[in-house]
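Residues 33 to 162 (my numbering) make up the sequence shown, in order.
The beta carbon of each residue, even a glycine, is placed where N, CA and C say it ideally should be.
Note that the structure is predicted; figures quoted are calculated from it, not measured.
Scroll down for the structure; my scribbles are underneath it.
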Amino acid sequence: MIPIVPKYLKSFLKLIIPVILILLSGCYYDNYEELYPELSQDCDTSNVTFAGAIAPVIQANCERCHNGSDPNGGVLLTTYEDIKVVADNGLLVQVTTSSNPDVQMPPGNPLPACDIQKITAWVEAGAPNN
Ligand code: HEC
């Protein structure tokens, strides 16, 4: 065997490596569930209720910044009616599933994957007050 890379192979690699890098960068998902599916396999998203699953997560992780007369981002998350607004306009799923630090909520400290899946399932079910 010749211990050096043939010239034609070198130029082939020079061409193909950037192409592979571009293709790989297309596989980047800004979505927590798609990035970490293995963390959430045992998550039961059937029968997710607002009172049983959603309200406790929001109270524990969101309310301290999103309450009172001057909530962060102008977004109030204290009652069902408040939460319903961001559920219906897509922001609740967007901020909880995002891995972009400028968007992600809670900031820099994403919710556990199962909580995110429950929120998404509840919103997809029409965000009922159940
Ligand atoms: C440590 C404080 C803090 C916590 C905890 C927090 N947020 Fe926020 N939130 C902010 C700040 C600050 C902004 C405004 C960000 C901005 O405008 O750039 C914001 C903005 C938002 C917005 C509006 C985003 C937009 O694009 O308009 C939503 C929706 C939101 N938060 C939901 C949540 C949810 C849901 C949780 C819990 C899972 C949460 N936040 C937890 C501080 C917090």
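- What did DSSP end up calling residue 76 once you bin it into helix, strand or coil? coil
- Task: To the nearest angstrom, report how far apart residue 83 and residue 120 are at their CA atoms.
- Result: 17 Å
- Can you tell me the Cβ-Cβ gap for residue 107 and residue 118, rounded? I've got them flagged as a contact below 8 Å. 6 Å
- Query: With 16 other CB atoms within 10 Å as the buried threshold, where does residue 143 fall?
  - Reply: buried
- Query: Any idea if residue 80 is buried or exposed, counting beta-carbon neighbours within 10 angstroms, 16 or more meaning buried?
  - Reply: buried
- Message: Classify residue 92: buried if its beta carbon has 16 or more other beta carbons within 10 angstroms, exposed otherwise.
- Response: Residue 92 is exposed by the Cβ-count criterion.
- Does the separation of the CB atoms of residue 86 and residue 151 fall below 9 Å? yes
- Closer than 8 Å: residue 146 CB and nearest the ligand HEC heavy atom: no
- Message: Can you find the residues in the same chain that come closer than 8 Å, C-beta to C-beta, to residue 109, ignoring five residues on each side of it along the sequence?
- Response: 90, 94, 95, 98, 99, 103, 115 and 118
- Using 10 angstroms around the beta-carbon of residue 41, count the other beta-carbons present and answer buried if the total reaches 16, otherwise exposed. exposed
- For residue 158, collect the residues of the same chain with a Cβ closer than 6 Å to its Cβ; drop the 5 residues on either side in sequence, then sort them by chain order. none
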